[in-house]
Ligand code: F0G
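In my numbering, the protein residues as written are 7 to 464.
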């Protein structure tokens, strides 16, 4: 008999979690204004809000923590971390920051001017925020294939070269860089192929535009290249990652995802002018250049995390767990962005809550229903997250309306995946009875989804 698949690690430390009653959850959700970001973690049974900073570190990482060098300048831990970044990416200039958006803040402070245009394959919300808050424009150039959730294509995160070329042509001299996000979080954790990375960079470079890789989940992207793209099946994850970075000019990194740490980020590049320019903003915003918002011990753990998470077995365990959950949803007929992404399943809320109008936010409504059903905290990646158009102030209903079931790394077992799938099935089975959604009673001007207040409509 062939042996079944199992995790490439065993568990050394556990953290208890608690169930609650439906009455308790009704009360808590109301107190949280129907915004799951305002729930306390004790009020949550299984937390799928994000895979960002929520993973478990390994014994090697914890032991590296003990060896952290907390010197203000010239920390040994910084050099361990920097050397690992250089080994994996080929970039020699490395600026540490406290997380991904801080890396964006530091680099974009140098690069983005009012009126600039920055194309990208679905900028993450903080990336978009850091562009739009500088009175510049973030233009999405993701392939249209990503819009059809039921279409099975291997690299749905790809850039549309036609859309990109149109932006580059029409805005010559006004595009400081392009953002290439791997995997493409916003459209479902969907990967970008090596061919598309190559073609995108060649096109940008033809127009004299550098490419910054938003690398939050670069290792998961490398896994998909290895398992789906011809010619890469026998390459190691580290070889593939190195090739991915060889085409771009710089990277911003949220180390809280594929760095396997709870906090951290960085910028890396071989462009000396960008390094010099960004450095000036690192010191006032983040800290001196050899810690930039991170403790020495955190940089030490990150060096190990980057090494571990660019090994096939680790990524295989992770992504097979996401695919396990996807199979369960297939069994129950629940529609999601196909194929399953690297870090999450993105449930297609428009196709589930067909009676809830866009204006009442179907994905946010489904997120609340799932919490009420079983204490599972998912996250809306849809119309609320999309914010309003900065010019017209209208809600942006043009994209997809997803509920993201985001799986932290090395945290839950497949038994938890079974509970998640069953809870979602229960909501799905009564979907016809859900006819009203939510109304916004308060919102921030930018990045509203973290603090928005909502009322349930009856
Ligand atoms: N880029 C991508 C693709 C991201 O997914 C995130 C964060 C960031 C940049 C910003 O990094 O959080 O370290 O400041 N994504 C998290 C998420 C928050 O839940 O998807 P950060």
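Every residue, glycine too, gets a C-beta built ideally from N, C-alpha and C. Quick caveat, the model's predicted, so the values are computed rather than measured.
Distance CB(residue i)-CB(residue j) smaller than 9 Å
{"i": "residue 143", "j": "residue 124", "result": "yes"}
{"i": "residue 222", "j": "residue 262", "result": "yes"}
{"i": "residue 220", "j": "residue 186", "result": "yes"}
{"i": "residue 2", "j": "residue 309", "result": "It is not possible to answer for residue 2, since the shown part of the chain is limited to 7 through 464."}
{"i": "residue 82", "j": "residue 302", "result": "yes"}
{"i": "residue 383", "j": "residue 50", "result": "yes"}
{"i": "residue 15", "j": "residue 371", "result": "no"}
{"i": "residue 248", "j": "residue 94", "result": "yes"}
{"i": "residue 87", "j": "residue 269", "result": "no"}
{"i": "residue 433", "j": "residue 358", "result": "yes"}
{"i": "residue 389", "j": "residue 42", "result": "no"}
{"i": "residue 393", "j": "residue 349", "result": "no"}
{"i": "residue 176", "j": "residue 209", "result": "no"}
{"i": "residue 228", "j": "residue 321", "result": "yes"}
{"i": "residue 105", "j": "residue 260", "result": "yes"}
{"i": "residue 431", "j": "residue 340", "result": "yes"}
Close-in-space but distant-in-sequence residues of the same chain around residue i (CB under 8 Å, 5 per side omitted)
{"i": "residue 180", "result": "121, 122, 123"}
{"i": "residue 438", "result": "361"}
{"i": "residue 366", "result": "442, 443, 444, 445, 463"}
{"i": "residue 458", "result": "39, 41, 390, 446, 448, 449, 450"}
{"i": "residue 72", "result": "303"}
Closer than 8 Å: residue i CB and nearest the ligand ADP heavy atom
{"i": "residue 107", "result": "As far as ligands go, the structure on display features the ligand F0G and does not contain the ligand ADP."}
Neighbourhood of residue i by C-beta, 6 Å cutoff - its chain only, sequence neighbours within 5 removed
{"i": "residue 128", "result": "146, 148, 190, 192, 193"}
{"i": "residue 26", "result": "381"}
{"i": "residue 75", "result": "81, 82, 83, 302"}
{"i": "residue 385", "result": "55, 410"}
{"i": "residue 53", "result": "383"}
{"i": "residue 159", "result": "151"}
{"i": "residue 244", "result": "316"}
{"i": "residue 379", "result": "429, 432, 433"}
{"i": "residue 387", "result": "408, 410"}
DSSP state of residue i mapped onto helix, strand, coil
{"i": "residue 126", "result": "strand"}
{"i": "residue 368", "result": "helix"}
{"i": "residue 420", "result": "helix"}
{"i": "residue 433", "result": "helix"}
{"i": "residue 223", "result": "coil"}
{"i": "residue 327", "result": "helix"}
{"i": "residue 289", "result": "helix"}
{"i": "residue 393", "result": "coil"}
{"i": "residue 131", "result": "helix"}
{"i": "residue 271", "result": "strand"}
{"i": "residue 103", "result": "strand"}
{"i": "residue 51", "result": "coil"}
{"i": "residue 196", "result": "strand"}
{"i": "residue 335", "result": "helix"}
{"i": "residue 15", "result": "coil"}
{"i": "residue 109", "result": "helix"}
{"i": "residue 89", "result": "helix"}
{"i": "residue 229", "result": "helix"}
{"i": "residue 39", "result": "coil"}
{"i": "residue 262", "result": "coil"}
{"i": "residue 450", "result": "coil"}
{"i": "residue 444", "result": "strand"}
{"i": "residue 187", "result": "strand"}
{"i": "residue 382", "result": "strand"}
{"i": "residue 5", "result": "This structure gives no information on residue 5, because the portion of the chain shown stretches from 7 to 464."}
{"i": "residue 159", "result": "coil"}
Within-9 Å CB hit, residue i to chain B
{"i": "residue 179", "result": "Note that chain B does not occur in the displayed structure, where there is just one protein chain."}
Whole-angstrom C-beta distance between residue j and residue i, which should lie under 8 Å
{"i": "residue 444", "j": "residue 353", "result": "No, residue 444 and residue 353 are not in contact; Cβ-Cβ is about 17 Å, not under 8 Å."}
{"i": "residue 375", "j": "residue 440", "result": "7 Å"}
{"i": "residue 173", "j": "residue 217", "result": "The pair is not a contact, with the Cβ atoms about 13 Å apart (cut-off 8 Å)."}
{"i": "residue 201", "j": "residue 344", "result": "Contact doesn't hold; Cβ gap of about 21 Å is too wide."}
{"i": "residue 203", "j": "residue 250", "result": "6 Å"}
{"i": "residue 108", "j": "residue 299", "result": "6 Å"}
{"i": "residue 163", "j": "residue 198", "result": "5 Å"}
{"i": "residue 258", "j": "residue 113", "result": "6 Å"}
Sequence-distant residues of the same chain with beta carbon closer than 7 Å to residue i, five excluded per side
{"i": "residue 462", "result": "40, 444"}
{"i": "residue 422", "result": "52"}
{"i": "residue 98", "result": "92, 276"}
{"i": "residue 130", "result": "187, 191, 192, 220"}
{"i": "residue 427", "result": "331, 334, 335, 338"}
{"i": "residue 264", "result": "222, 223, 224, 225, 226, 315"}
{"i": "residue 403", "result": "364, 389"}
{"i": "residue 416", "result": "15, 61, 62"}
{"i": "residue 326", "result": "11"}
{"i": "residue 34", "result": "45, 49"}
Taking contact to mean 3 or more Cβ pairs, one atom from each stretch, closer than 8 Å, check whether the segment 52–61 and the segment 393–405 are in contact.
no
Hey, is the segment 283–297 in contact with the segment 232–249, meaning 3+ C-beta pairs nearer than 8 Å?
Look at the beta carbons and you see the segment 283–297 not touching the segment 232–249: under three pairs across the two are nearer than 8 Å.
Within the chosen definition, does the segment 228–235 reach the segment 270–280 through at least 3 CB pairs nearer than 8 Å?
no
Stretch pair the segment 134–143 + the segment 105–121: three plus CB contacts closer than 8 Å
With a cut-off of 8 Å, the segment 105–121 and the segment 134–143 count as touching, because enough Cβ pairs lie within range.
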